[in-house]
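Just so you know, the sequences run in chain order A and B. If you're matching positions, the first sequence starts at 0 in numbering that gives the first Met the number 0 and goes up one per residue. If you're matching positions, the second sequence starts at 0 in numbering that gives the first Met the number 0 and goes up one per residue. Glycine is no exception: its CB is placed at the ideal position from the N, C-alpha and C atoms. Given the structure is predicted, the values throughout are model-derived calculations rather than measurements.
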Amino acid sequence: MINWSLRQLASALAHKQVSSVELTQTFLDRAQRYNRELNAFITLDPERTLAEARAADRRIAHGNTQPLTGIPVALKDIFCAQGWLTSCGSKMLHNFVAPYDANVVEKLKQAGAVTLGKTNMDEFAMGSSSESSHYGPVHNAWDLRAVAGGSSGGSAAAVAARLTPAALGTDTGGSIRQPASMSGISGIKPTYGVVSRYGMIAFASSLDQGGPMAKSAEDLALLLNVISGYDARDSTSLDRAAEDYTRDLDQSISGLRVGVPKEFFADGLDADVASAVQAGIAELEKLGCKLVEVTLPQTRLSVPAYYVLAPAEASSNLARYDGVRYGYRAPEYGDLRDMYMKTRAQGFGEEVKRRILIGTYVLSHGYYDAYYLQAQKVRRLIAQDFQSAFERCDLIVGPTAPSVAFDLGAKISDPVQMYLGDIYTIGVSLSGLPGMSIPCGFGQQKRPVGLQIVGNYFQEARMLNVAHQFQQATDWHTQMPAAFS
Amino acid sequence: MSLSLLDVKRIAQLASIEVTDAQAEQVLAQLQGVFALIEELQSVDTQGIEPMSHAQDVTLRLREDQVTETDNRERFQAIAPRVDAGLYLVPKVIE
């Protein structure tokens, strides 16, 4: 049962072969048992979860089923869920019980899903390894000595170890795709504006986008159907007609032009990753895709542009944490100013403070034009690169990350090394394009490798089609770490 | 561009984050690495390029000027560090 797809689970529930309570209990037991090793969850609340499962069973008994009725889904701890601790991996929100639901949480509930728990993550989603969490690092399900990737590392580890059928993550510069790659699962970041940011704790608002993480492209498509859609409460939500993201899954991909950017295979890509990704691309060719070499000349600049823009937006967004209305407040302080200074010094971790300081600096008087505006201009150049490439191809493929999961602690003291690891994902984020990662093999020490698929705006259904066809022809996505079977 | 210890303390003040001298030294070393990376942007010719803040270049919507939120004061104040009689309490600001 732990390996069943969402369709299989929905069918078993609808035919009363299993109840939501039984199903949910199975995953809850696994989550509780394995969380000591993986640290994938910040909060498990079996009573609350089982109450939701019982309510789902009552709806099933009345024949009132929605696509996800009775199926447990885990939420990255960045999503507000009413009554749940929503810490965002930070001491600053260690006591923040969300007073309302995020838009995606409302949508999951309307679709009948059961909240399995809140997953661990880099503090405020700032990181690429899920090590900066106030609640300790997430461990990789394939190798406990390795990171799970980040920032949605808890969701990735939970899906990889089959502690939940599926999870939600968020992606600002690669935080769904990179942990999916390093944890051997599938994940998609939709076009910016497709999934509402309402109730998703803000990091860099012009980049933040929620998305599903699951075992297969088919499951991702079903989940994206549920969580996407216009929401007036998110000022950048796009008002467009609803799509069925499963509509093209079974289409042939023969004749599709697949672009391979040469910059994604240059210096800095590990040989083991390169060979697994090349094998994945060869598989697409076998399925009838035509390979086209494309160029994304500004790839290198995407890292510095991102590390100006994201911290700038973060420094503004995180100004709200002042110890007045919610969250942490320093126990001792003098005047109001001192209260702010101590609260923020104690409530934020090192990486978050570093990014706030970078952001404050690049936005400060005399530096705004040179850094912030210049980065926004480079951002447009990067987006234009992708548009030029898409004149020659339908989709772009390449590695998701330059290496397999690295050892815990290996990069934590060198932020620049950590940032450079985001090179293949952040250009996509800066451009607002949809991107996904699916498992395509294993590298050193049998750690998973992900194949990144990037589409033009609103091409999610085409990307999921390619991923699904790839997964019909390969079995990388059905493999799971032996220690958790 | 090189960052000084004074810069770090100044931006920490702007960001309302208390830093000790020892922390400022440590932060300085790390920020220098990051700024060396960011510095690469200076060499790019962006003349005539418009800054980009949204992929679809959408303009922010305006909504009708109507009350849409209900009164959640009690629910919101239940999670505040210190409240009294419906007010958020902070150290005295006006003598």
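The Cβ of Glu63(B) sits no closer than 7 Å to any Cβ of chain A. Scanning chain A for C-beta atoms nearer than 8 Å to the C-beta of Ile93(B) yields nothing, as the closest lies near 10 Å away. For the 7 Å CB-CB criterion, Ser236(A) and Ile425(A) do not form a contact. Note that the C-beta distance between Pro189(A) and Gly172(A) is not below 7 Å. Under the Cβ distance rule, Val33(B) counts among the residues neighbouring chain A, one pair being separated by less than 7 Å.
Assignment of beta-bridge partners to Leu167(A) by DSSP yields Leu74(A), Pro211(A). If you check the CB distance, Ala374(A) and Ala304(A) come in under 7 Å. Residues are counted here when their Cβ sits less than 7 Å from a Cβ of chain B; for the stretch 165 to 189 of chain A the count is zero. Per the DSSP secondary-structure output, Phe441(A) pairs in a beta bridge with Pro447(A).
Not one beta carbon of chain B lies nearer than 7 Å to the beta carbon of Lys261(A). Interface criterion not met: the Cβ of Met212(A) is under 7 Å from no Cβ in chain B. Interface flag for Asp334(A) against chain B is set, since a Cβ pair is found closer than 7 Å. In its chain, beyond the 5 residues on either side, Ala140, Ser182, Gly183, Ile184 have a beta carbon closer than 6 Å to the beta carbon of Ala159(A). In the three-state DSSP reduction, Ala145(A) falls in the strand class (E or B).
Counting other Cβ atoms within 10 Å of its Cβ, Gln468(A) reaches 16 or more and is therefore classed as buried. Taking a contact as a CB-CB distance under 8 Å, the pair Val257(A) and Leu219(A) does not count as one, their CB atoms being some 19 Å apart. What Ser52(B) touches in chain A, judged by beta-carbon distance under 7 Å, is Ser205, Gln375, going in chain order. Neighbours of Ser15(B) across chain A, judged by C-beta separation under 7 Å: Tyr339, Met340, Arg343.
Nearest in C-alpha terms to Gly32(B), of all of Tyr99(A), Met417(A), Leu223(A), is Met417(A). The contact set of Val89(B) on chain A, defined by CB atoms closer than 8 Å, consists of Val323, Leu335, Met338 in chain order. With 16 or more other Cβ atoms from the protein chains shown falling within 10 Å of its own Cβ, Leu255(A) counts as buried. Taken through DSSP and simplified to helix, strand or coil, Thr23(A) comes out as helix. With the rule of 3 Cβ pairs closer than 8 Å, the stretch 346 to 355 of chain A counts as touching the stretch 112 to 127 of chain A. Ile381(A) has its alpha-carbon roughly 29 Å from the corresponding atom of Ser131(A). In this structure, DSSP gives Lys188(A) an extended state, which the three-state scheme calls strand. With fewer than 16 other beta carbons inside 10 angstroms of its own, His61(A) counts as exposed. Taking C-beta separations shorter than 6 Å and ignoring five residues to either side along the sequence, the partners of Arg29(A) in its chain run Leu162, following chain order.
For the 7 Å CB-CB criterion, Gly440(A) and Ala275(A) form a contact. With contacts defined by Cβ atoms closer than 7 Å, Ala112(A) and Ile70(A) form a contacting pair. Distance between Glu63(B) and Ala231(A), taken at the CA atoms: about 12 Å.
Apart from sequence neighbours up to five positions away, the residues of its chain that approach Ile1(A) with a beta-carbon distance below 6 Å are Arg161, ordered along the chain. Going by C-alpha positions, Gly82(A) is about 27 Å away from Ile187(A).
Shown in chain order are the members of the stretch 219 to 242 of chain A whose Cβ falls below 8 Å from a Cβ of chain B: Ala231, Ser234, Thr235, Leu237. At a cut-off of 7 Å between beta-carbon atoms, Ile355(A) makes contact with chain B. Shown in chain order are the members of the stretch 294 to 319 of chain A whose Cβ falls below 7 Å from a Cβ of chain B: Leu300, Val302, Pro303, Ala304, Tyr306, Val307, Ser314. Residue range 373 to 389 is occupied by the alpha helix (DSSP H) that includes Arg379(A).
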